[in-house]
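Below: one structure, written as structure tokens.
Residue numbers (the numbering used here): 1302 to 1660.
See below:
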């Protein structure tokens, strides 16, 4: 194994503290966190006592970190990533990659010119339900899929205080936030859609940014539906997938985030990332001529798979799984969804990059 990658984190809010830092902490042979940007506090010292606390992004870039993990608000993604790449750093960008495709394309070009690794953090590829769905579809247990519906619902009727995602800012709202997860998963599973029909709006009376979407991606025989709302007290299945042979229904939520937000490291929880049997999805299909209706065991989730691949990419030249072009395509769908919703019509999905997704 090669030398651990010197890493800096910008910054230490919810994403940096709970979605990135725990995995960097538990992979010390792969990543050495040497600096963390915190504007006022020094909370990261609990996890990284030897890391330098800096107050500005300029200080972070000036340090000796080889890799910068950028988890700051969406409208900073482009300028911060550009600055880091031009300084010779590898970059991880929290989703959404950028707030428009022009910036995304510029970052891809800069990373190529600088010969640096640029990646988008799509951790929802490594959750229990999605890994299980990938296995089921890979084994063709449902036959050809004709209907795929994915939800990312919440119940929060009131505004969240001091939440920039709920302010009328560039790149705010749940279409950019939660939509980025669902879009990436759909493109990963099914490739590029032909059309998009979107209803994206502010549903709660006090809303100042998008808080609801119902988006249909057309693939011909297959229709993909992506939905999210903030007033869903009792959610239905998180995923409902129907094919010519059978169906798979999956409810519940990947357990990783609950532990992480409680301050637990992956190494501190037995069977971290394993779902309770009561949450297993329902598979109703035909296998070898026999109709079966049974619970399908959920695979173990692990956001750390992302960082294991990133290390192998930077140190060993392995293929990067979460490519910047994937981030570009997600933002292109975001843009097309907003256009479709504004025009109140179905429009073609043009302008997507031709890039492979991992299998």
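Don't be surprised by glycine CBs; every beta carbon is placed ideally from N, CA and C.
Would you give the residue range spanned by the alpha helix (DSSP H) that residue i belongs to?
i            : result
residue 1429 : 1429-1439
residue 1502 : Taken as a continuous stretch (DSSP letters only), residue 1502 belongs to no alpha helix (DSSP H), being part of the beta strand (DSSP E) at 1496-1502.
residue 1612 : 1605-1617
residue 1638 : 1625-1644
residue 1378 : 1378-1387
residue 1561 : 1557-1562
residue 1405 : 1402-1415
Would you call residue i buried or exposed, if buried means 16 or more other Cβ atoms sit within 10 Å of its Cβ?
i            : result
residue 1467 : buried
residue 1398 : buried
residue 1590 : exposed
residue 1551 : buried
residue 1664 : Residue 1664 lies beyond the residue range present for the chain, which begins at 1302 and ends at 1660; the question has no answer from this structure.
residue 1543 : buried
residue 1370 : buried
residue 1477 : buried
residue 1357 : exposed
residue 1527 : buried
residue 1588 : exposed
residue 1535 : exposed
residue 1423 : buried
residue 1378 : buried
residue 1652 : exposed
residue 1619 : exposed
residue 1426 : buried
residue 1596 : exposed
residue 1647 : exposed
residue 1374 : buried
residue 1657 : exposed
residue 1320 : buried
residue 1563 : exposed
residue 1440 : exposed
residue 1504 : exposed
Out of the options, which has the shortest C-alpha to C-alpha gap to residue i?
i            : options                : result
residue 1365 : 1390, 1312, 1378       : 1390
residue 1328 : 1347, 1338, 1308, 1337 : 1308
residue 1486 : 1314, 1417, 1634, 1510 : 1634
residue 1324 : 1648, 1387, 1610, 1642 : 1610
residue 1632 : 1401, 1314, 1382, 1411 : 1401
residue 1514 : 1657, 1571, 1451, 1619 : 1451
residue 1549 : 1444, 1657, 1640       : 1444
residue 1340 : 1353, 1333, 1332       : 1353
residue 1462 : 1498, 1449, 1439, 1509 : 1509
residue 1537 : 1523, 1582, 1494, 1507 : 1582
residue 1507 : 1481, 1469, 1573       : 1469
residue 1337 : 1503, 1360, 1655       : 1360
residue 1349 : 1483, 1310, 1431, 1612 : 1310
residue 1326 : 1472, 1351, 1503       : 1351
residue 1456 : 1622, 1529, 1346       : 1529
residue 1627 : 1654, 1605, 1650, 1606 : 1654
residue 1344 : 1621, 1315, 1458       : 1315
Strictly by DSSP, which residues pair up with residue i?
i            : result
residue 1370 : 1310, 1393
residue 1358 : According to DSSP, residue 1358 bridges with nothing at all.
residue 1549 : 1542, 1584
residue 1517 : 1498, 1526
residue 1649 : 1496
residue 1532 : 1456
Is the beta carbon of residue i within less than 7 Å of some heavy atom of the ligand MG?
i            : result
residue 1639 : Of ligands this structure carries none, so the ligand MG is not represented either.
The beta strand (DSSP E) spanning residue i covers which residue range?
i            : result
residue 1355 : 1353-1355
residue 1338 : 1332-1338
residue 1461 : Note, residue 1461: premise wrong, no beta strand (DSSP E); not H, not E.
residue 1473 : Where residue 1473 is concerned, there is no enclosing beta strand (DSSP E), given that its DSSP letter is neither H nor E.
residue 1326 : From DSSP, residue 1326 is part of no beta strand (DSSP E) but of the alpha helix (DSSP H) over 1322-1326.
residue 1595 : 1591-1597
residue 1450 : 1446-1452
residue 1421 : 1419-1422
State the CB to CB distance for the pair residue i and residue j, rounded to an integer number of angstroms; the pair is presumed to be in contact (CB under 8 Å).
i            : j            : result
residue 1454 : residue 1533 : 4 Å
residue 1406 : residue 1394 : Not a contact, Cβ separation roughly 14 Å.
residue 1497 : residue 1518 : 6 Å
residue 1531 : residue 1512 : 5 Å
residue 1362 : residue 1322 : That belief does not hold up - the Cβ atoms of residue 1362 and residue 1322 are roughly 19 Å apart, past 8 Å.
residue 1449 : residue 1525 : 5 Å
residue 1313 : residue 1608 : 17 Å between Cβ atoms; not a contact.
residue 1306 : residue 1616 : 7 Å
residue 1553 : residue 1580 : 4 Å
residue 1412 : residue 1638 : Not confirmed; about 26 Å, so no contact.
residue 1520 : residue 1557 : Not a contact, Cβ separation roughly 30 Å.
residue 1408 : residue 1625 : 6 Å
Check whether chain B comes within 8 Å of residue i, counting only Cβ atoms and requiring the distance to be less than that.
i            : result
residue 1387 : Although the question refers to chain B, the structure presented lacks it and comprises just one protein chain.
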